[in-house]
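Chains as they are written, first to last, in the numbering used here: chain A, 18 to 256; chain B, 18 to 256. Note sheet for the following structure.
Number of protein chains: 2
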Amino acid sequence: MLSRTYAIAQPEQAAVRRLGSLARLTETDLRKIADAAADARYFPARTEIVREGAEPARPTLLLRGWVAHQRILPDGRRQIVGFTLAGELFGRSWSCQDCALTSQVALDNVGLCTAPEAEPGSGLSLAYEKERLAHRLQLIDNVTRLGRMDARERVCDLLLELLERLQRSGEAEGNTFAMPLTQECFADALGLTPVHLNRTLQACRRSGDLSWRGGRVTLHDPAALARNLGRKRNRLQLP
Amino acid sequence: MLSRTYAIAQPEQAAVRRLGSLARLTETDLRKIADAAADARYFPARTEIVREGAEPARPTLLLRGWVAHQRILPDGRRQIVGFTLAGELFGRSWSCQDCALTSQVALDNVGLCTAPEAEPGSGLSLAYEKERLAHRLQLIDNVTRLGRMDARERVCDLLLELLERLQRSGEAEGNTFAMPLTQECFADALGLTPVHLNRTLQACRRSGDLSWRGGRVTLHDPAALARNLGRKRNRLQLP
DNA sequence: CGCAAACTTGATATCTTTCAACGCGGGTGG
DNA sequence: CCACCCGCGTTGAAAGATATCAAGTTTGCG
Numbered sequence: 018m019l020s021r022t023y024a025i026a027q028p029e030q031a032a033v034r035r036l037g038s039l040a041r042l043t044e045t046d047l048r049k050i051a052d053a054a055a056d057a058r059y060f061p062a063r064t065e066i067v068r069e070g071a072e073p074a075r076p077t078l079l080l081r082g083w084v085a086h087q088r089i090l091p092d093g094r095r096q097i098v099g100f101t102l103a104g105e106l107f108g109r110s111w112s113c114q115d116c117a118l119t120s121q122v123a124l125d126n127v128g129l130c131t132a133p134e135a136e137p138g139s140g141l142s143l144a145y146e147k148e149r150l151a152h153r154l155q156l157i158d159n160v161t162r163l164g165r166m167d168a169r170e171r172v173c174d175l176l177l178e179l180l181e182r183l184q185r186s187g188e189a190e191g192n193t194f195a196m197p198l199t200q201e202c203f204a205d206a207l208g209l210t211p212v213h214l215n216r217t218l219q220a221c222r223r224s225g226d227l228s229w230r231g232g233r234v235t236l237h238d239p240a241a242l243a244r245n246l247g248r249k250r251n252r253l254q255l256p
Numbered sequence: 018m019l020s021r022t023y024a025i026a027q028p029e030q031a032a033v034r035r036l037g038s039l040a041r042l043t044e045t046d047l048r049k050i051a052d053a054a055a056d057a058r059y060f061p062a063r064t065e066i067v068r069e070g071a072e073p074a075r076p077t078l079l080l081r082g083w084v085a086h087q088r089i090l091p092d093g094r095r096q097i098v099g100f101t102l103a104g105e106l107f108g109r110s111w112s113c114q115d116c117a118l119t120s121q122v123a124l125d126n127v128g129l130c131t132a133p134e135a136e137p138g139s140g141l142s143l144a145y146e147k148e149r150l151a152h153r154l155q156l157i158d159n160v161t162r163l164g165r166m167d168a169r170e171r172v173c174d175l176l177l178e179l180l181e182r183l184q185r186s187g188e189a190e191g192n193t194f195a196m197p198l199t200q201e202c203f204a205d206a207l208g209l210t211p212v213h214l215n216r217t218l219q220a221c222r223r224s225g226d227l228s229w230r231g232g233r234v235t236l237h238d239p240a241a242l243a244r245n246l247g248r249k250r251n252r253l254q255l256p
């Protein structure tokens with residue numbers, strides 16, 4: 018019973034794993050994270066946490082669930098620009114940022130808290146820098162994906178990215194992870210139609226690249242996929 | 018004669034205009050920029066200034082010309098992820114960045130210099146922050162463009178972005194600007210085939226949206242285009 | 001003048017979207 | 001407990017957008 022209570026009382030687990038994998042955290046850093054996480058707020062799926070153009074998202078640590086960053090075009094088309102997964106940061110603002118560049122919506126039941134201040138030079142501060150860099154890398158990968166890959170490549174490439182990130186924060190089991198996204202959301206991230214995504218997924222399943230059933234995704238040979246797609250491991254030279 | 022010499026001796030003009038439009042620069046800031054620009058290096062078109070994965074690009078001020086940031090897929094497909102225009106910064110590295118995330122190639126005859134250090138709190142420092150933010154906004158816009166716009170919209174949206182940026186650094190004349198890009202490059206930035214881009218451009222010309230002849234582009238009604246595309250002005254709330 | 005790079009054109013193949021319908025499963029109210 | 005309903009996934013057929021291939025044609029420049 019005690020151990021169970023203990024587990025429930027550690028909402029910051031994913032964040033600690035993720036940030037700890039980016040830099041060596043001190044006891045002070047860990048305490049700051051735990052303190053911040055004690056103030057967690059929770060939102061149900063589909064909540065719009067921040068609206069594009071409204072006042073800025075403060076730097077936020079996502080404790081559980083997934084958040085999508087999206088744009089809506091005047092005629093209603095939606096593009097999901099990127100995701101934040103449990104343990105990652107989002108809304109890290111710049112000194113001059115007056116409004117959010119994208120809307121941020123919960124894809125899941127999410128829990129989040131204000132990201133603790135990092136002292137200059139601390140491990141936490143370094144982890145934050147690496148998060149920023151990783152985020153930039155994800156944007157660049159996304160541009161390449163949408164600009165020059167066909168549907169099948171886009172699906173594999175994004176799933177591969179998600180797997181790598183989830184492995185880093187301890188949220189994957191081997192090459193399998195929980196996929197809270199609806200096919201429609203996934204299509205909006207890949208610049209595809211839900212119908213076409215569905216057919217593409219079936220093709221991927223038939224060719225043995227992946228399975229996706231009941232909210233769980235498995236990539237059968239991530240290394241081979243990464244090689245074919247030109248996805249370099251450790252572009253960030255992370256520890 | 019003197020005035021002509023003076024003009025030639027000011028390679029930092031575009032940079033001063035651009036950075037000065039982002040924040041109020043002091044005499045000290047201006048002197049730093051001029052000093053840095055005195056050490057300019059020049060490269061001919063097609064030079065690869067930094068190769069992806071090689072050692073980091075140092076923060077660099079582009080004095081003249083255009084630079085493309087690109088990725089090459091294993092089979093040779095190319096995606097141009099973004100551009101740096103005269104007066105803008107690129108290669109601004111993070112403390113932990115060990116290698117460039119994209120290759121950077123000169124599209125033009127370019128001139129560049131090391132970006133001067135900005136003292137914390139200075140106008141120059143603020144301008145750098147805004148540059149960073151603008152760069153991030155451009156990436157997000159690019160994702161939306163590639164993911165959810167058709168060929169015609171992509172063309173107009175990117176040209177609109179370029180026009181806005183060139184106006185800010187004083188490199189446009191009204192709604193007209195010099196376009197050093199080949200149609201093939203432009204296609205690689207838009208995720209299109211050169212052939213299809215060509216046909217799309219013709220459609221845009223016929224419908225009166227733009228003209229592009231002899232390296233000069235004119236947008237005939239930028240405001241209307243921006244409205245149709247849902248492009249908000251001043252997302253950055255710049256002065 | 002002549003070459004090479006860039007731009008243009010036409011015909012055809014491939015990929016992706018659109019529209020409309022059907023099935024399945026989980027929740028909910030009667 | 002069952003019937004209904006709704007969200008989500010799946011399917012088919014046809015239309016639309018984009019890519020490919022293979023010529024021309026123009027342009028700029030030595």
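By construction, the Cβ of each residue, glycine as well, lies at the ideal position given by its N, Cα and C atoms. A quick note: this is a predicted structure, and the numbers were derived from the prediction, not measured.
Check                                                                                                                              : Outcome
Distance, Thr77(B) Cα to Leu102(B) Cα                                                                                              : 12 Å
Cβ-based neighbour list, Val67(B), same chain, cut-off 7 Å, excluding 5 preceding and 5 following                                  : Ala74, Gly108, Ala117, Ser120, Gln121
Three-pair Cβ contact test at 8 Å for the region 152-164 of chain A versus the region 122-135 of chain A                           : no
Given 8 Å, three or more beta-carbon pairs between the region 82-90 of chain A and the region 191-204 of chain A                   : yes
Proximal chain B residues relative to Thr119(A), where beta-carbon distance stays under 7 Å                                        : Ile157
For Arg162(B), three-class secondary structure by DSSP                                                                             : helix
Cα-Cα separation, Asp205(A) to Ser228(B)                                                                                           : 33 Å
Run of the alpha helix (DSSP H) containing Gly37(A), from where it starts to where it stops                                        : 30-39
Burial state of Thr235(B), where buried means 16 or more other Cβ atoms lie within 10 Å                                            : buried
Ala57(B) versus Gly99(A): straight-line alpha-carbon distance, rounded                                                             : 37 Å
Contact set for Asn245(A): own chain, Cβ-Cβ below 7 Å, skip 5 residues either direction                                            : none
Three-state secondary structure (DSSP) of Leu246(B)                                                                                : helix
N-terminal and C-terminal residue of the alpha helix (DSSP H) that Cys202(A) is part of                                            : 200-207
Own chain partners of Phe203(B) with C-beta closer than 7 Å, once the 5 adjacent residues on each side are dropped                 : Leu214
Reduced DSSP secondary structure (H/G/I, E/B, other) of Arg149(B)                                                                  : helix
Contiguous beta strand (DSSP E) assignments of at least 3 residues, all confined to the region 40-67 of chain A                    : 58-60, 65-67
7 Å Cβ cut-off: residues of chain B touching Gln200(A)                                                                             : Per Cβ cutoff of 7 Å: no residues; Gln200(A) is ~16 Å from chain B at best.
Cβ shell of Arg233(B) (< 8 Å), same chain only, five flanking positions each side left out                                         : Thr193, Phe194, Ala195, Met196
Partner residues on chain B for Thr161(A), Cβ-Cβ distance less than 8 Å                                                            : Arg88, Leu90, Gln96, Val98
Assigned exposure category for Arg230(A) - 16 Cβ within 10 Å defines buried                                                        : exposed
Cβ neighbours of Ala53(A) in the same chain (closer than 8 Å, five flanking residues each side left out)                           : Glu29, Leu78, Cys130, Thr131, Ala132, Pro133
Rounded separation between Thr64(A) and Arg149(A) - CA only                                                                        : 24 Å
Same chain, Cβ closer than 6 Å to Gly93(A), neighbours up to 5 away in sequence not counted                                        : none
Where Glu170(B) sits in the DSSP three-state scheme                                                                                : helix
CB contact flag (Arg81(A), Ala31(A), <9 Å)                                                                                         : yes
Bounding residues of the alpha helix (DSSP H) (the contiguous stretch that carries Cys221(B))                                      : 211-223
Contacts around Thr8(A), its chain only, beta-carbon distance under 7 Å, and the 5 residues preceding and following it disregarded : No answer is possible for residue 8(A): it lies beyond the span of chain A, which begins at 18 and ends at 256.
Those residues which DSSP pairs with Trp229(B) across a bridge                                                                     : Val234(B)
Within 8 Å of chain B by C-beta, residues of the region 41-71 of chain A in sequence order                                         : Gly70
Euclidean distance between Cα positions of Glu16(A) and Arg48(A)                                                                   : The requested residue 16(A) does not occur in the structure, where chain A is confined to residues 18 to 256.
is_contact[Ala241(B), chain A] using C-beta, thresh 9 Å                                                                            : no
Beta-carbon spacing of Leu42(A), Leu141(A) below 9 Å                                                                               : yes
Within-9 Å CB hit, Ala135(B) to chain A                                                                                            : no
CA-to-CA distance, Asn159(A) to Arg34(B), given in whole angstroms                                                                 : 32 Å
Where the region 161-188 of chain B meets chain A: residues whose CB sits under 7 Å from a CB there                                : Thr161, Leu163, Gly164, Arg165
Residue nearest to Gly208(A) in terms of C-alpha spacing, selected from Ala55(A), Gly225(A), Glu170(A)                             : Glu170(A)
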